[in-house]
Amino acid sequence: MRYSQLLIPTVKEVPAEAEITSHKLMIRAGLIRKVASGTYTYLPLGWRTLKKIIAIVRQEMDRAGAQEIIVPCLQPLELWQQTGRDQDYGETMFRIIDRHGRGNVLGPTAEEVFTFHAAAELNSYKQLPVNLYQITPKFRDEFRPRFGVLRSREFIMKDAYSFDATPESLHQSYMAMYNAYCRVFQRCGVEYVIVEAESGEMGGTGSHQFTIPCASGEDTIVYTADGSYAANLEKAAVDPLPKEPAPANVPPAEDVFTPNVGTIEAVCGFLKTKPSEMIKTLIFDSRGEAVAALVRGDHELNPEKLTQALGGAHVELAAPEMIERVTGAKVGFAGPRGLASRVSKMVIDHAVAGMAVGVTGANKTDHHTRNVLPGRDFLLEGDNVLVADIRLAQPGDTHKGVPVLFKKGIEVGQVFKLGTKYSRKLGANFKDESGELHPCLMGCYGIGINRIMASAIELYNDENGIIWPISIAPFEAIVTPVNQDDADVVRVSQEIYDRLTTAGVEVLLDDRDLRGGIKFKDADLIGIPVRITVGKKSVVEGNVEVKLRSEPQSEKVPIDQAPQKVVKMINGLKERRKV
RNA sequence: CGGGGCGUAGCUCAGCUUGGCUUAGAGCGCUUGGUUCGGGACCAAGAGGUCGGUGGUUCGAAUCCACUCGCCCCGACCA
15 MRYSQLLIPT VKEVPAEAEI TSHKLMIRAG LIRKVASGTY TYLPLGWRTL KKIIAIVRQE
75 MDRAGAQEII VPCLQPLELW QQTGRDQDYG ETMFRIIDRH GRGNVLGPTA EEVFTFHAAA
135 ELNSYKQLPV NLYQITPKFR DEFRPRFGVL RSREFIMKDA YSFDATPESL HQSYMAMYNA
195 YCRVFQRCGV EYVIVEAESG EMGGTGSHQF TIPCASGEDT IVYTADGSYA ANLEKAAVDP
255 LPKEPAPANV PPAEDVFTPN VGTIEAVCGF LKTKPSEMIK TLIFDSRGEA VAALVRGDHE
315 LNPEKLTQAL GGAHVELAAP EMIERVTGAK VGFAGPRGLA SRVSKMVIDH AVAGMAVGVT
375 GANKTDHHTR NVLPGRDFLL EGDNVLVADI RLAQPGDTHK GVPVLFKKGI EVGQVFKLGT
435 KYSRKLGANF KDESGELHPC LMGCYGIGIN RIMASAIELY NDENGIIWPI SIAPFEAIVT
495 PVNQDDADVV RVSQEIYDRL TTAGVEVLLD DRDLRGGIKF KDADLIGIPV RITVGKKSVV
555 EGNVEVKLRS EPQSEKVPID QAPQKVVKMI NGLKERRKV
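Residue numbers (my numbering): 15 to 593.
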């Protein structure tokens with residue numbers, strides 16, 4: 015294509031709104047423009063890359079036996095009410111009341127709709143397994159869209175849903191997607207790591223997350239140096255800390271007056287203790303029921319782990335009214351003593367159970383209790399009491415004895431075993447050989463298309479711009495005539511362009527009547543992997559220059575050999591992305 | 001939703017504290033002419049803004065006040 019005919023609005027100056035590299039470069043290279051907070055238009059170059067990623071994903075889904083369909087983005091609220099996820103998703107879900115007063119949502123994902131179809135169309139074990147997918151826009155009313163395309167309110171997601179009759183079959187479907195994902199990311203040319211993930215409210219039994227390690231990532235990966243373990247922060251299991259030896263003759267628990275001293279730091283200052291000697295008591299609301307969670311003062315509770323400890327029940331921090339009702343005190347003074355009988359569940363972190371003695375809230379406004387012994391002053395077991403791993407991993411923790419390390423990453427894909435959560439609620443049942451009805455075993459599998467694009471830029475760039483992996487570059491090669499007013503230069507450029515096009519190369523001809531420097535800067539900024547420079551001097555010598563975007567040096571090549579040389583270079587680049 | 005910041009030309013910003021020598025500015029970009037032409041050239045001449053919006057204070061508001069809308073950052077939240 016001719017550069018002069020394409021809308022490629024590159025900009026020199028760094029846009030004020032962009033913070034991270036990929037966002038800045040996507041705007042500077044003319045890939046995207048913002049329409050409103052969290053919504054973006056993809057301009058020709060951006061859309062070309064997106065289409066390439068989509069094509070790779072589609073090929074790998076089809077290869078893995080999944081079937082592409084399209085379900086509506088506009089979905090009936092009723093379907094979401096049937097699974098209770100209208101509550102769980104809460105404000106993150108866009109809702110629309112239509113003119114007849116019916117509730118609709120803009121789908122943030124599509125388990126309900128796919129399961130609705132499975133319920134209607136899949137009746138017999140003979141029809142299973144089935145894996146259906148789509149590549150469509152998804153909508154989430156994020157509290158805070160940011161990082162450009164990485165956390166936007168509208169984005170393109172590939173989502174697949176598998177329906178199986180047996181756990182073994184589900185595992186096969188799951189692994190087929192798992193392997194397809196590896197191929198997708200390999201082919202897109204992005205480095206990735208696979209980590210164990212929490213299936214959370216998706217209600218599943220197993221999950222892996224595909225993450226691209228980079229500093230701009232919002233996700234934290236927890237891993238061990240020996241490579242034996244990798245998980246996301248929500249999932250990462252830590253070893254229980256060793257039980258501290260109890261000092262002899264701890265005096266009885268004693269309430270002390272701590273006026274207006276609610277936070278951990280304030281209490282530590284006031285009572286001259288350390289956060290690690292405090293017991294934090296957090297009250298959560300799990301669908302209207304109060305749940306108490308205890309973690310050490312220097313630890314942070316992990317809501318995902320708490321959800322898992324509660325068997326998958328959604329939790330959120332309780333409102334002050336509930337906290338005051340349960341503890342009988344203002345917020346900031348909750349404590350474990352006598353609390354178990356006033357909540358539906360009390361979950362105690364391992365580290366709290368391992369404490370010798372601690373300071374806690376007194377369930378009395380402006381009071382704390384000291385000399386609290388876990389096991390003496392509050393029970394560590396009981397009908398509604400359990401000890402579990404419910405805190406976030408932190409530096410110093412170990413997993414199976416090996417110290418854990420942390421790094422940031424961008425989540426680009428996740429696979430889940432869902433089990434029967436959705437099929438039960440929506441009646442997606444099949445008859446087995448004996449005529450008995452069973453809910454389908456489901457899996458769901460997502461890939462963030464736009465995130466792959468942004469991640470690739472995060473991964474591959476330099477001070478001049480993007481360095482696209484060949485497989486997702488908007489064009490594979492660019493022909494840059496340096497002297498647009500020289501007839502020979504223009505003719506040679508056109509010839510090379512024609513021959514490359516005939517050879518099946520996606521090539522851009524920079525036919526703009528501009529100085530060479532500008533063309534070079536633009537070519538580098540938009541990151542085209544191979545550049546053919548056609549200049550007056552070298553044409554006289556019968557040469558052109560061929561250069562890889564990723565390499566500083568160009569190579570002189572006789573004009574007639576240039577096209578085949580370029581094809582060879584492109585094939586070489588592609589070779590690296592083969593699976 | 002809490003905290004912080006910002007809305008002035010297509011883009012990046014100055015001017016605002018202390019209202020009036022500002023007839024609203026600069027650089028980049030854009031248009032025209034010329035000189036240039038292998039890493040974002042130079043000269044000249046132009047076009048382009050109801051200073052986010054509404055209301056107020058004032059003889060006078062981009063500048064002060066109130067409200068409002070939008071955007072960004074930190075946090076909380078998030079398959």
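Cβ coordinates follow ideal geometry from the N, Cα and C atoms, glycine included.
Which term fits Ser650, buried or exposed, when burial requires 16 or more other beta carbons within 10 angstroms of its beta carbon?
No answer is possible for residue 650: it lies beyond the span of the chain, which begins at 15 and ends at 593.
Jot down the residue ranges of each uninterrupted beta strand (DSSP E) in the segment 411 to 468, minimum 3 residues, whole runs only, in chain order.
Correct list: 416 to 433, 443 to 445, 451 to 453, 455 to 462.
Whole angstroms is fine: what's the gap from Leu315's alpha carbon to Asp403's?
Their backbone Cα atoms lie some 9 angstroms apart in a straight line.
In three-state DSSP terms, what is His114?
DSSP places His114 in coil when its eight states are reduced to three.
With DSSP as the reference, please indicate the residues paired to Leu308 in a beta bridge.
Per DSSP, Thr295, Ile362.
To the nearest angstrom, how far is the alpha carbon of Gly583 from that of Val544?
For clarity, residue 583 is Met in the given sequence; the question names Gly instead. Cα to Cα, the separation comes out at about 8 angstroms.
When DSSP labels each residue in this structure, what does Ser204 get in the three-state scheme?
Here residue 204 turns out to be Val, not Ser, going by the sequence shown. Three-state DSSP puts Val204 in coil, outside helix and strand.
Between Gly203, Val340, Gly311, Glu126, which has its C-alpha nearest Val357's C-alpha?
Nearest of Gly203, Val340, Gly311, Glu126 to Val357, Cα basis: Val340.
What first and last residue would you give for the beta strand (DSSP E) that runs through Val236?
Start and end: 233 to 238.
Quick one: grab the DSSP three-state call for Met216.
Any answer about Met216 is weak, because its pLDDT of 49 lies below 50 and its placement is not dependable; what the coordinates show is given next. The answer is helix: DSSP assigns Met216 an H, G or I state.
Can you check which of these residues, Ile480, Gly549, Glu92, Ser552, is closest to Arg42 by C-alpha distance?
Of the candidates Ile480, Gly549, Glu92, Ser552, the one whose C-alpha sits nearest the C-alpha of Arg42 is Ile480.
I need the boundaries of the alpha helix (DSSP H) containing Phe177, first residue and last residue.
Counting along the chain, Phe177 falls outside any alpha helix (DSSP H), though it belongs to the beta strand (DSSP E) covering 168 to 178.
To the nearest angstrom, how far is it from the Cα of Thr97 to the Cα of Thr129?
Their Cα atoms are separated by approximately 11 angstroms.
Residues bridged to Ala491 by DSSP?
Looking at the DSSP assignment, Ala491 forms a beta bridge with Val521, Val544.
Taking Ser437 as the reference, which of Glu135, Glu182, Pro289, Gly427 has the closest Cα?
It is Glu135 whose Cα lies nearest to the Cα of Ser437.
I'd like to know whether the C-beta atoms of Leu432 and Gly457 end up nearer to each other than 7 angstroms.
Result yes, Cβ atoms of Leu432 and Gly457 sit closer than 7 angstroms.
Tell me the rounded alpha-carbon separation between Met191 and Ser36.
If you take the alpha carbons of Met191 and Ser36, they lie about 28 angstroms apart.
Would you check if there are 3 or more beta carbon pairs closer than 8 angstroms linking the segment 172 to 182 to the segment 408 to 420?
Taking 8 angstroms as the limit for Cβ pairs, the verdict is that the segment 408 to 420 does not touch the segment 172 to 182.
Report the partner residues of Gly2 according to the DSSP bridge assignment.
In the structure as shown, the chain begins at 15 and stops at 593. Residue 2 is therefore absent and cannot be evaluated.
Considering only DSSP beta bridges, list what Lys570 is partnered with.
Its beta-bridge partners are Glu559.
Classify Gly60 as helix, strand or coil using the three-state DSSP reduction.
Three-state result, Gly60: helix.
Going by CA-CA distance only, name the one from Thr379, Thr547, Pro273, Ile84 that's closest to Val571.
Minimum Cα distance to Val571 is reached at Thr547.
When we look at the beta-carbon of Gly217 and count the other beta-carbons within 10 Å, is it buried (16 or more) or exposed?
Confidence at Gly217 is low in this model, with a pLDDT of 49, below 50, so its placement is unreliable and the value that follows should be read with caution. Classification of Gly217: buried, given that the 10 Å Cβ count is 16 or more.
With respect to the beta strand (DSSP E) encompassing Gln680, which residues constitute its N-terminal and C-terminal limits?
With the chain running from 15 to 593 in the structure shown, residue 680 is simply not present.
Would you tell me roughly how many angstroms separate the C-alpha atoms of Ile34 and Ile22, rounded to the nearest one?
One C-alpha to the other measures close to 21 angstroms.
On the CB-based measure, 16 or more other CB atoms within 10 Å of its CB, does Arg301 come out buried or exposed?
Per the 10 Å Cβ criterion, exposed.
Going by the beta-carbon positions, is the gap between Asp240 and Val416 smaller than 7 angstroms?
It is a contact, given that the beta carbons lie within the stated cut-off.
For Asp42, name the three-state secondary structure that DSSP assigns.
Correcting the residue type first, residue 42 is Arg in the shown sequence and not Asp. Looking at Arg42 - three-state DSSP - the assignment turns out to be helix.
Mind checking whether Gly121 and Cys87 have CB atoms under 7 angstroms apart?
Going by C-beta atoms, Gly121 is nearer than 7 angstroms to Cys87.
Am I right that Gly423 and Gly231 are in contact with their C-beta atoms under 8 angstroms? What's the rounded C-beta distance?
With a Cβ gap of about 4 angstroms, Gly423 and Gly231 count as contacting.
By how many angstroms is the C-alpha of Val252 removed from the C-alpha of Ala306?
Their backbone Cα atoms lie some 21 angstroms apart in a straight line.
Buried or exposed for Ser507, please, with buried defined as at least 16 other CB atoms from any protein chain shown within 10 angstroms of its CB.
Buried.
Among Lys535, Ile170, Phe420, Ser485, which one has its Cα closest to the Cα of Asn246?
Looking at the Cα atoms, Phe420 is the closest of the given residues.
Here's the rule I'm using: 16 or more other beta-carbon atoms within 10 Å means buried, otherwise exposed. How should Glu268 be labelled?
That one is exposed.
Determine the extent of the alpha helix (DSSP H) in which Ala280 is found, giving its start and end residues.
Taken as a continuous stretch (DSSP letters only), the alpha helix (DSSP H) holding Ala280 covers 278 to 285.
What residue range does the beta strand (DSSP E) around Tyr147 cover?
Segment 144 to 153, the beta strand (DSSP E) holding Tyr147.
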